[in-house]
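Protein sequences, first through last, are from chains L and H. Under our numbering, the residues of the first sequence are numbered 905 to 1082, in order. Under our numbering, the residues of the second sequence are numbered 1140 to 1616, in order. Glycine included, C-beta positions come from ideal geometry on N, C-alpha and C. All of these numbers come straight from a predicted model, not from anything done at the bench.
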Amino acid sequence: MNENTADHSSLGIEAPEEITRRRFFEKLSITLASFCAAVVGVPLIGFIIAPLFRKPPAKWVTLGKVNEFQIGKTVSVTVIDSSSLPWAGVTAKSAIWLRRESETSFIAFSANCTHLGCPVRWLEGAELFICPCHGGVYYYDGSVAAGPPPLPLFRYNVRVENGEVKMNPVVVPITTTS
Amino acid sequence: MKQLFKSIWVWLDDRIGISVLLKPMKHIAPQDAKWWYVFGTATLIAFIVQVASGVALAFSFIPSSSQAYETLVFITNDAPFGSFLRGLHYYGASAMVLMVGAHMAQTFLFGAYKFPREMTWTTGVLLLGFTLAMGFTGQLLRWDQTAAWSVVVAAEQAGRVPLIGPWLAHFILGGNTIGGATLSRFFAIHVFVLPAVMFGFIGLHLWLVLRHGISEPPTAGKPVNPETYRREYDELLKKSGRPFWPDLAWRDVIVCTGLIVAIALLAHFIGPPALDKPPDPSVLDADPRPDWYLLWYFALLALIPNRIEGYFMILGPVLIGLLLLIIPVLNHKGERAASRRPWAIAVVCLSVIMIGSLWIEGQQSPWSPNFQALPLTEKVIGATSGPVFEGALLFHDKACLNCHLIQGHGGRRGPDLTYIADKLTHDNMVIRIVNGGNNMPAFGSSLKPQELDALVAFLESCKRPIRPQDQGPMARK
């Protein structure tokens, strides 16, 4: 070791940092510990955040026959999430408010208030959606009538096909600050 | 026999070091640390009650979206002591929130967060946050209709976080909507993640209490000077300190005994919170409310101006948390006595008044329509036919009654209209009904002309009765 050092200095080359046995084991231990943490940690975090990357199925959901819905009426329709996990039970179900505008035109409203997501109720006589949580009110077309909601009721894509009303799968619409 | 037990104890103590482990219990503390100092221990005891009752409940609770509700029904109705245990867990959580609040208020008023106990305070603030997080996630494990919708509310609030809001929301939901993944992640957070973090921080908090000692009661005119405080504190302990166990701890034991007895009595006689309907998201007839310790925040979100609510929802809790955390950085020396820190008393009093007022508002929720409002009776209407009677029926059918009171019947979201005819003219009424305004929907497009006339006719009948003394002498004759 000393000979090497002497050689380097005589040649004008800076001597490499001397790694002691203790320093080597220290670095080795930290490297191995980091490796072990990564081996365990990466799949662990991936497993926990996996639902973030689960995309809703592109399949259209049938809400019912067209003639089951009256023009000018708004009704709640139960939707079953076909992509739900086997143990979802009743939580695989959700509901939307469906309004028939004309012979071929429907509006599918999310049942979630855009304020904080509580379920809005349809009051037939008043033609209003009202939220029980903080009193948000929407008109029959989903536009905000009163209260704290920052946005109109979310609308799902809906279409009529082969005499059936269909919509995109239900997702909980998230109101953002942007 | 006594000698045998003594030998066993000596052997175990030698091998395990029990005496050494318990030695911190005998640390020397100021002798004047009396009844005001019991809240920290009470919080710890409430936490232990939570851990014990939570472990017991986990023996029967299945954290599956499809079965959790049924297991809760079984625990509540069929399992021996199940209802009592659920009550113990619920009132234990309430006690923990109350005690941690009292502990913080006492520490703040006594200026005990000042040098050298800044980090003791900081770890305490974090423990307050974890306690509230435990409370919220615990409410969600009561997997009924309210719990399921509360998850959505939580996701919506998280969604307001700039940039990462939608990600956070989907993380909370466990996907794009409530489903099989939702409950199990809250179970993991409530039962494993948060308790593990809390055990760590409680250990750190207690270590800091031992390291810096229990603060002595403040004396007016004796400010904290970081350069001399530690020496003065050591001298105080040498002069008049007492071992915490048993000289001072007996007060803690008495208060904690009272706390546990109170929790047990409430669990036995009042019982756990009733389960709501099953967590079926297709049932829209739901009215989710948080448990009492977050009801004030629920009320705040209803009352805060709409234009700033989105920002407040996220920035409010963050700013309050940051403010609490940096208190000892901003104010780490000087007077400790509350009598010399009137602003400290004001902060605590205002906080209590604010939270208390919001809690009362949250209980009453006057902003929520009354969906149970029944049609007005003929006695209230004062007519059995004609425009006034028809208008009263419309007042119910058009949901006016959900938001307005008439002689004590209806909702409180809008003004009481019992004597509205004394305040508004016919034209004013028409304008208000047709155009809405001031947090009222416009009914112009949903009312036919004859319906509007009937409604106004009813409202014009809503006036104070004329008493004989209000009439002229001729009328009285």
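Where the beta strand (DSSP E) through residue 998 of chain L begins and ends
To locate residue 998 of chain L, count along the first sequence from 1; it is residue 94. DSSP places residue 998 of chain L inside the beta strand (DSSP E), whose first and last residues are 997-1004.
State the start and end residues of the unbroken beta strand (DSSP E) segment that holds residue 1049 of chain L.
The residue labelled residue 1049 of chain L in the question sits at position 145 within the first sequence. Boundaries of the beta strand (DSSP E) harbouring residue 1049 of chain L: 1048-1050, taken from the DSSP string.
For residue 1569 of chain H and residue 1045 of chain L, the rounded distance between their alpha carbons
Within the first sequence, residue 1045 of chain L is the residue found at index 141, counting from 1. Within the second sequence, residue 1569 of chain H is the residue found at index 430, counting from 1. Straight-line Cα distance between these residues: approximately 23 Å.
Measuring only the C-alpha atoms, how far is residue 926 of chain L from residue 1255 of chain H?
As a working mapping, residue 926 of chain L is identified with position 22 in the first sequence. As a working mapping, residue 1255 of chain H is identified with position 116 in the second sequence. Looking at the backbone, the Cα of residue 926 of chain L and that of residue 1255 of chain H are separated by about 37 Å.
Cβ-based neighbour list, residue 1321 of chain H, same chain, cut-off 7 Å, excluding 5 preceding and 5 following:
Sequence index remark: in the second sequence, residue 1321 of chain H carries index 182 (1-based). Taking C-beta separations shorter than 7 Å and ignoring five residues to either side along the sequence, the partners of residue 1321 of chain H in its chain run 1204, 1290, 1312 and 1313, following chain order.
So residue 1533 of chain H and residue 1438 of chain H are in contact, right, with Cβ under 8 Å, and what is the actual spacing, rounded?
Residue numbering aside, residue 1533 of chain H sits at position 394 when the second sequence is read from its first letter. Residue numbering aside, residue 1438 of chain H sits at position 299 when the second sequence is read from its first letter. Between residue 1438 of chain H and residue 1533 of chain H the Cβ distance is about 32 Å, and since that is not below 8 Å, they are no contact.
Neighbour-count burial assignment, residue 971 of chain L, 16 or more Cβ in a 10 Å radius
Here residue 971 of chain L corresponds to residue number 67 of the first sequence, with the count starting at 1. Label assigned to residue 971 of chain L: exposed.
Backbone secondary structure at residue 1030 of chain L - three-state DSSP
Here residue 1030 of chain L refers to the residue found at position 126 when the first sequence is read from its first residue. Look at residue 1030 of chain L here: in three-state DSSP terms it is coil, with no helix or strand label.
How would you call residue 1287 of chain H, buried or exposed, if buried means at least 16 neighbouring beta carbons within 10 angstroms?
Numbered from 1 along the second sequence, position 148 holds the residue referred to as residue 1287 of chain H. By the neighbour-count rule (16 or more Cβ atoms within 10 Å), residue 1287 of chain H is buried.
According to DSSP, simplified to helix, strand and coil, what is residue 888 of chain L?
Only positions 905 to 1082 of chain L appear in the structure, and residue 888 of chain L is not among them; the question remains open.
Range covered by the beta strand (DSSP E) that runs through residue 1043 of chain L:
Reading the first sequence from its first residue, position 139 is the one you call residue 1043 of chain L. Judged by DSSP secondary structure, residue 1043 of chain L falls within the beta strand (DSSP E) whose first and last residues are 1041-1043.
contact_flag[the stretch 1463-1477 of chain H, the stretch 1257-1277 of chain H] where n(CB pairs < 8 Å) is 3 or more:
The stretch 1463-1477 of chain H vs the stretch 1257-1277 of chain H: in contact.
With a cut-off of 8 Å, does the C-beta of residue 1579 of chain H fall near any C-beta of chain L?
Looking up residue 1579 of chain H in the second sequence gives position 440. Answer yes: the Cβ-Cβ gap between residue 1579 of chain H and chain L drops below 8 Å somewhere.
Between which two residues does the alpha helix (DSSP H) holding residue 1314 of chain H run?
Locating residue 1314 of chain H in the second sequence gives position 175, where the first residue counts as 1. According to the DSSP assignment, residue 1314 of chain H belongs to no alpha helix (DSSP H), since it is labelled neither H nor E.
Residue 1198 of chain H beta carbon near the ligand ZN (any heavy atom closer than 7 Å)
As presented, the structure is devoid of all ligands, the ligand ZN included, so that no description of it is given.
Is it a yes or a no for the stretch 1232-1246 of chain H touching the stretch 1297-1305 of chain H, going by three-plus beta-carbon pairs under 8 Å?
Judged by Cβ distances under 8 Å, the stretch 1232-1246 of chain H makes no contact with the stretch 1297-1305 of chain H, as fewer than three pairs qualify.
Using beta carbons (cut-off 8 Å, strictly below), is residue 1616 of chain H in contact with chain L?
Locating residue 1616 of chain H in the second sequence gives position 477, where the first residue counts as 1. Reliability fails at residue 1616 of chain H, whose pLDDT of 43 lies under 50, so the model's placement of it is uncertain and no value is given.
Just checking: is the beta-carbon of residue 1204 of chain H within a distance shorter than 8 Å of some beta-carbon in chain L?
Here residue 1204 of chain H is taken as the residue at index 65 of the second sequence, counted from 1. Under the Cβ distance rule, residue 1204 of chain H counts among the residues neighbouring chain L, one pair being separated by less than 8 Å.
Would you verify that the beta carbon of residue 1037 of chain L is, or is not, closer than 8 Å to some beta carbon of chain H?
If you number the first sequence from 1, residue 1037 of chain L lands on position 133. Between residue 1037 of chain L and chain H, the shortest Cβ-Cβ separation is below 8 Å.
By a C-beta neighbour count over all protein chains shown, 10 Å radius and 16 as the cutoff for buried, is residue 1140 of chain H buried or exposed?
Here the question's residue 1140 of chain H lines up with position 1 in the second sequence. Its Cβ having fewer than 16 others within 10 Å, residue 1140 of chain H is exposed.
Between residue 1339 of chain H and chain L, is any beta-carbon pair separated by less than 8 Å?
On the second sequence, position 200 is the one that residue 1339 of chain H refers to. With 8 Å as the cut-off, residue 1339 of chain H does not count as an interface residue toward chain L.
So with Cβ pairs under 8 Å, would you call residue 1027 of chain L a contact of chain H?
For this step, residue 1027 of chain L is matched to residue 123 along the first sequence. Yes - at least one Cβ of chain H is within 8 Å of the one on residue 1027 of chain L.
List the DSSP bridge partners of residue 1548 of chain H.
For this step, residue 1548 of chain H is matched to residue 409 along the second sequence. Per DSSP, H:1545.
Verify the CB distance criterion: does residue 1041 of chain L have a CB-CB separation below 8 Å to chain H?
Here residue 1041 of chain L is taken as the residue at index 137 of the first sequence, counted from 1. At least one chain H Cβ lies under 8 Å of residue 1041 of chain L.
Run through DSSP, which three-state label would residue 1010 of chain L get?
Reading the first sequence from its first residue, position 106 is the one you call residue 1010 of chain L. If DSSP states are grouped into helix, strand and coil, residue 1010 of chain L belongs with the strands.
Please tell me whether residue 964 of chain L has its Cβ less than 8 Å away from any Cβ of chain H.
Looking up residue 964 of chain L in the first sequence gives position 60. Answer no: the Cβ-Cβ gap between residue 964 of chain L and chain H never drops below 8 Å.
Spatial neighbours of residue 1178 of chain H within its chain, please: C-beta separation below 7 Å, excluding the five flanking residues on both sides.
The sequence position of residue 1178 of chain H within the second sequence is 39, counting from 1. 1238, 1241, 1242 and 1245, listed in sequence order.
Contact list for residue 1298 of chain H against chain L, beta-carbon separation under 7 Å
Counting from one through the second sequence, the residue named residue 1298 of chain H turns up at place 159. The answer, in chain order, is 1078, 1079 and 1080.
Chain H partners of residue 1056 of chain L, CB-CB under 7 Å?
Taking the first sequence and counting its residues from 1, one reaches residue 1056 of chain L at position 152. Using a Cβ-Cβ cut-off of 7 Å, residue 1056 of chain L is close to nothing in chain H; its nearest Cβ partner there is about 13 Å away.
Residue 964 of chain L versus residue 946 of chain L: straight-line alpha-carbon distance, rounded
Along the first sequence, read from residue 1 onward, the residue named residue 964 of chain L stands at position 60. Along the first sequence, read from residue 1 onward, the residue named residue 946 of chain L stands at position 42. In this model, residue 964 of chain L and residue 946 of chain L are separated by some 35 Å (Cα to Cα).
Note down the Cα distance separating residue 1555 of chain H from residue 1422 of chain H, rounded to an integer number of angstroms.
Sequence index remark: in the second sequence, residue 1555 of chain H carries index 416 (1-based). Sequence index remark: in the second sequence, residue 1422 of chain H carries index 283 (1-based). Distance between residue 1555 of chain H and residue 1422 of chain H, taken at the CA atoms: about 31 Å.
Since residue 1537 of chain H meets chain L, which of its residues come closer than 8 Å, beta carbon to beta carbon?
Position 398 of the second sequence, counting from 1, holds the residue named residue 1537 of chain H. Per Cβ cutoff of 8 Å: 1029 and 1030.
Using a Cβ-Cβ cutoff of less than 8 Å, which residues in the same chain neighbour residue 973 of chain L once the five nearest sequence positions on both sides are dropped?
Locating residue 973 of chain L in the first sequence gives position 69, counting from the first residue. Sequence-distant Cβ neighbours of residue 973 of chain L in its own chain, meaning closer than 8 Å and more than five residues away, are 979, 1002, 1004, 1010 and 1069.
Beta-carbon neighbours of residue 998 of chain L, restricted to chain H and to distances below 7 Å:
Sequence index remark: in the first sequence, residue 998 of chain L carries index 94 (1-based). What residue 998 of chain L touches in chain H: 1316, 1420 and 1421.
Reference residue 1064 of chain L, options L:1055, L:937, L:967 and L:1041, closest by Cα:
Here residue 1064 of chain L refers to the residue found at position 160 when the first sequence is read from its first residue. When each option's Cα is compared against that of residue 1064 of chain L, the closest is L:967.
Go to residue 1090 of chain H, then tell me how far its beta strand (DSSP E) extends in each direction, as first and last residue.
There is no way to answer for residue 1090 of chain H, as the model of chain H reaches only from 1140 to 1616.
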